[in-house]
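Enquirer: Mapping of the sequence shown onto the UniProt record's numbering: position 90 corresponds to residue 90, and the numbering continues sequentially without gaps.
Positions of the beta carbon are idealized from the N, C-alpha and C atoms, including for glycine.
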Amino acid sequence: MGDRLNSVRRTFEPLLRRIFHAYFLLVRGMTLGVRAVVLDSENRVFLVRHSYITGWYLPGGGVDLGETMEQAMRRELKEEGDIDLTGDAVLHGIFLNSHVSRRDHVAVYVVRQFRQDRVPEPNHEIVECGFFAITALPEGTTSGTRQRLAEVLDGKPLTATWR
1 MGDRLNSVRR TFEPLLRRIF HAYFLLVRGM TLGVRAVVLD SENRVFLVRH
51 SYITGWYLPG GGVDLGETME QAMRRELKEE GDIDLTGDAV LHGIFLNSHV
101 SRRDHVAVYV VRQFRQDRVP EPNHEIVECG FFAITALPEG TTSGTRQRLA
151 EVLDGKPLTA TWR
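1. Please state the DSSP three-state secondary structure of residue 33.
2. Taking the beta carbon of residue 4 as the centre, do at least 16 other beta carbons fall within 10 Å, making it buried, or is it exposed?
3. Which residues share a DSSP beta bridge with residue 50?
4. How far does the alpha helix (DSSP H) with residue 74 in it reach, from first residue to last?
5. Do you know offhand how far residue 107's Cα is from residue 134's?
6. Assuming residue 59 contacts residue 38 under a Cβ cut-off of 8 Å, what Cβ separation, rounded to an integer in Å, is found between them?
7. Residue 76 and residue 61 - do their beta-carbons sit closer together than 7 Å?
8. Have a look at residue 36 and residue 86 and give me their C-alpha separation to the nearest angstrom.
9. With 16 as the cutoff for other CB atoms within 10 Å, does residue 64 come out buried or exposed?
10. So, are the CB atoms of residue 47 and residue 114 less than 7 Å apart?
11. Given a cut-off of 7 Å, decide if residue 15 and residue 93 are closer than it, judged by their beta-carbon atoms.
Put into structure tokens, the structure is as follows:
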């Protein structure tokens with residue numbers, strides 16, 4: 001069943017992306033998202049795999065109307081990883097996500113102080129998640145995710161675009 005779902009998702013993923021972004025273009029004009037580089041005490045990073053798009057990503061999502069970027073990041077971490085911040089998050093940068101849309105921007109935070117009581121069970125949005133050593137990222141970790149990790153952990157220069 002999992003292979004069939006992955007095949008269907010890969011087939012329709014480009015169309016679904018366009019539909020979601022056309023909708024956001026109509027209701028928002030410009031889209032703003034957040035992602036978080038969540039690092040545990042062993043410098044492992046928390047990644048998620050979605051049901052509707054291929055690959056492993058930093059947790060995050062869209063900023064809702066009336067919500068700050070930090071509020072959105074905290075909400076998404078709770079929803080996707082049952083992660084609650086116990087200290088401050090640091091804004092790493094804001095990136096143009098032009099491979100999705102010329103109007104899409106992503107704010108990335110670095111989180112090192114948090115509590116996670118349990119790893120969430122798979123659900124309709126997040127089918128898999130966990131902490132991974134930087135030297136052993138799962139196959140399919142996206143290039144944008146790898147770029148942000150290189151910036152945060154290896155001191156690589158920030159790029160203006162997501163990829």
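Expert: In short, the structure shows the following:
1. It is a strand residue.
2. Here residue 4 is exposed, its C-beta having fewer than 16 other C-beta atoms within 10 Å.
3. Answer is 126, bridged to residue 50.
4. That run of the alpha helix (DSSP H) goes 69-81.
5. Rounded to the nearest angstrom, the two C-alpha atoms are 21 Å apart.
6. With a Cβ gap of about 7 Å, residue 59 and residue 38 count as contacting.
7. Cβ atoms of residue 61 and residue 76: closer than 7 Å.
8. If you take the alpha carbons of residue 36 and residue 86, they lie about 14 Å apart.
9. By the 10 Å Cβ count, residue 64 comes out exposed.
10. Against a cut-off of 7 Å, the Cβ pair of residue 114 and residue 47 comes out as no contact.
11. It is not a contact, given that the beta carbons lie outside the stated cut-off.
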